Amino acid sequence: MDYQEIIDRKRTIVNSPIHPLPADTLQDVIRLFHQRGSKSRDEFSKMKNAIPGGLQHNLGSSEPFSLTYSKTQGDKIYDIDGNEYVDYLLDGGPIILGHHFEPLDAEVVRLISEQGPAVGLTHENERRFAEEIIKLVPSVEMVRFVASGTEADTLAIRLARVYTRKKKIIKIAGNYHGWSDQLSLSINFPGTGPLDAEGIPKECYQHTIEVFQNDFAGLARAFEQNRDDIAAVLVEPSGGHAGTFLAHPDWNKTLRDLCDQNGSLLIFDEVVTGFRLALGCGEAYYGVRPDLTVFGKIISHGYAGAGAVGGPREIMRFCHPSSVDGHKAFVAGTMSANAVMVTAGYYALKFIQEYQAVEKAAAYADRLTQALNDLFATRKDLPFFAYNIQSIIHVETSCYNGISVVENPAARFSEVVERYTVLQTYALALMTQGILPLGDRFYCCLQHNEASMQKTLNAWEYVLSLIPAS
Ligand SMILES: Cc1ncc(COP(=O)(O)O)c(C=O)c1O
Numbered sequence: 111m112d113y114q115e116i117i118d119r120k121r122t123i124v125n126s127p128i129h130p131l132p133a134d135t136l137q138d139v140i141r142l143f144h145q146r147g148s149k150s151r152d153e154f155s156k157m158k159n160a161i162p163g164g165l166q167h168n169l170g171s172s173e174p175f176s177l178t179y180s181k182t183q184g185d186k187i188y189d190i191d192g193n194e195y196v197d198y199l200l201d202g203g204p205i206i207l208g209h210h211f212e213p214l215d216a217e218v219v220r221l222i223s224e225q226g227p228a229v230g231l232t233h234e235n236e237r238r239f240a241e242e243i244i245k246l247v248p249s250v251e252m253v254r255f256v257a258s259g260t261e262a263d264t265l266a267i268r269l270a271r272v273y274t275r276k277k278k279i280i281k282i283a284g285n286y287h288g289w290s291d292q293l294s295l296s297i298n299f300p301g302t303g304p305l306d307a308e309g310i311p312k313e314c315y316q317h318t319i320e321v322f323q324n325d326f327a328g329l330a331r332a333f334e335q336n337r338d339d340i341a342a343v344l345v346e347p348s349g350g351h352a353g354t355f356l357a358h359p360d361w362n363k364t365l366r367d368l369c370d371q372n373g374s375l376l377i378f379d380e381v382v383t384g385f386r387l388a389l390g391c392g393e394a395y396y397g398v399r400p401d402l403t404v405f406g407k408i409i410s411h412g413y414a415g416a417g418a419v420g421g422p423r424e425i426m427r428f429c430h431p432s433s434v435d436g437h438k439a440f441v442a443g444t445m446s447a448n449a450v451m452v453t454a455g456y457y458a459l460k461f462i463q464e465y466q467a468v469e470k471a472a473a474y475a476d477r478l479t480q481a482l483n484d485l486f487a488t489r490k491d492l493p494f495f496a497y498n499i500q501s502i503i504h505v506e507t508s509c510y511n512g513i514s515v516v517e518n519p520a521a522r523f524s525e526v527v528e529r530y531t532v533l534q535t536y537a538l539a540l541m542t543q544g545i546l547p548l549g550d551r552f553y554c555c556l557q558h559n560e561a562s563m564q565k566t567l568n569a570w571e572y573v574l575s576l577i578p579a580s
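Listed below in structure tokens is the structure:
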């Protein structure tokens with residue numbers, strides 16, 4: 111589906127009524143969820159005593175309680191009540207080979223049994239992993255590892271400032287770059303500014319400029335008004351939240367041109383898109399070269415401590431432990447490049463290539479997207495549709511992300527919440543049928559197969575059956 115059709119169909123949804131589950135139907139769904147999940151529910155209430163909110167994985171949150179898992183295999187997760195789920199959460203993206211990918215786990219187990227997890231010296235796999243990234247990603251000549259996507263984004267903008275000697279960062283509203291102080295603006299929804307990140311003095315944002323996704327005029331204005339002081343533009347190349355706030359086809363190219371004209375760096379945050387959209391990452395998929403690339407969770411395939419920045423030697427050299435030409439971007443971290451992460455990362459990249467995981471996951475997503483659209487077409491009264499960017503599927507039902515809060519923010523924001531709540535109830539109904547989505551997003555992996563697809567379609571058929579005809 112092309113960009114314009116996606117935008118038009120989102121607009122159609124936003125301009126039509128929401129389709130909440132009737133109150134008694136929703137109660138039935140919640141009852142079913144409770145019946146299936148008594149152990150998860152008990153665990154959740156114990157967790158709440160020890161862990162604020164009972165949850166540390168924001169993406170795995172669900173009402174009335176979050177699931178606790180006990181086992182995984184391939185494209186499946188099993189919760190502690192023994193329920194099986196076709197998993198489309200996939201740890202928020204990284205598990206493209208599928209869970210428990212034995213050849214990968216075997217390499218990590220071998221490392222741990224022979225060498226332990228970390229010692230504070232360099233490990234050969236650190237170099238091998240960096241060389242593999244350099245081989246695959248055209249703009250990358252050197253790599254510096256850190257321990258998370260948040261750290262990698264923080265390093266990338268620091269490096270941009272050291273290299274350009276400029277201060278300001280353009281951040282695109284609704285694009286997520288972790289939870290560091292200066293980047294926690296409009297993290298969940300465009301136009302909400304610091305709403306979701308209390309505890310950060312406003313001075314921390316003084317050099318962060320927000321521009322809306324696909325606001326070409328606003329982007330040009332930001333450069334114009336901060337002439338000679340933009341160090342970098344930081345974006346998810348797909349558009350915010352892995353293409354939820356979808357990038358216009360000319361967006362990345364325009365960013366590239368404006369950065370070139372103004373002596374600023376273009377930073378692609380490929381924490382989710384890297385090695386998922388293409389082996390050459392978003393830059394290969396969109397055909398636009400960034401100056402720096404931020405990598406995160408996917409590079410270690412779920413093993414802890416995943417983060418890296420890559421780019422040309424000329425920029426990356428400032429990550430050096432001592433100053434280069436009198437300058438350096440300080441970076442540290444005990445867990446950076448720990449042996450487990452670099453071993454997992456090196457072999458994950460090998461296996462992603464060997465098993466053609468990028469292509470196969472994307473082919474599954476193409477087929478599932480088509481099948482979902484065929485299913486939705488059977489309900490002429492519902493404007494639902496699905497689109498995918500390679501192996502990332504977005505299913506638009508209540509389309510909270512199609513609302514603009516720019517005009518009349520208060521009124522529109524309550525509509526965003528209302529629409530978001532409805533899609534969460536659909537997700538809950540899917541969970542009762544053994545499907546685990548990430549809200550309206552479905553990450554696909556090498557292990558999804560025809561049986562998973564059929565189960566997914568059956569579950570969506572069930573959801574549609576709960577929505578009264580209009
Ligand atoms: C695009 C993007 N950037 C950065 C991050 C932050 O990464 P981490 O959670 O490893 O700090 C995420 C996490 O989901 C992400 O999706």
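Position in the sequence shown counted from 1, then plus 110, gives you our numbering.
Even for Gly, the Cβ is constructed at its ideal location relative to N, Cα and C.
Remember, predicted model here, so these are calculated numbers, not experimental data.
Going by DSSP, MET563 is part of the alpha helix (DSSP H) stretching over 560 to 576. Cβ contact annotation for PRO174 (same chain, cutoff 8 Å, sequence separation greater than five): ILE140, PHE143, HIS144 and ARG151, in chain order. Of the residues assessed, PHE405 falls on the buried side of the cut-off, its CB having 16 or more other CB atoms within 10 angstroms. With the rule of 3 Cβ pairs closer than 8 Å, the region 232 to 246 does not count as touching the region 299 to 313. Distances between the C-beta of VAL253 and the heavy atoms of ligand 1 are all 8 Å or more. The secondary-structure analysis by DSSP pairs TYR179 across a beta bridge with ASP189.
Here GLY350 is bridged, per DSSP, to PHE355. Closest in alpha carbon position to GLU320, among ASP338, SER296 and ASP435, is SER296. A straight line joining the alpha-carbon of ALA388 with that of LYS470 spans about 11 Å. For VAL229, the closest alpha carbon among the candidates PHE494, SER446 and ILE462 is that of SER446. Here ASP118 is exposed, its C-beta having fewer than 16 other C-beta atoms within 10 Å. When distances are taken from the beta-carbon of TYR413 to the heavy atoms of ligand 1, even the shortest one reaches 8 Å or more.
When distances are taken from the beta-carbon of TRP289 to the heavy atoms of ligand 1, the shortest one is below 8 Å.
ALA262 carries a helical assignment under DSSP once its states are collapsed to helix, strand and coil. Where LEU376 is concerned, the enclosing beta strand (DSSP E) starts and stops at 375 to 379. ALA341 sits in a strand when the DSSP states are folded into three classes.
By the neighbour-count definition (other C-beta atoms within 10 Å, threshold 16), MET541 is a buried residue. For SER258, the Cβ falls inside the 8 Å cut-off from some heavy atom of ligand 1. Our two residues, HIS504 and HIS351, have alpha carbons roughly 11 Å apart in a direct line. Judged by DSSP in its simplified three-state form, ILE503 adopts strand. Per DSSP, the unbroken alpha helix (DSSP H) holding TYR536 starts and ends at 519 to 542. At least one heavy atom of ligand 1 lies less than 8 Å from the C-beta of TYR286. PHE405: member of the beta strand (DSSP E) spanning 402 to 405, first to last residue. A straight line joining the alpha-carbon of LYS186 with that of PRO300 spans about 33 Å.
ILE116 places its beta carbon 9 Å or farther from that of LEU478. CA-CA distance, ALA472 to CYS554, rounds to 7 Å.
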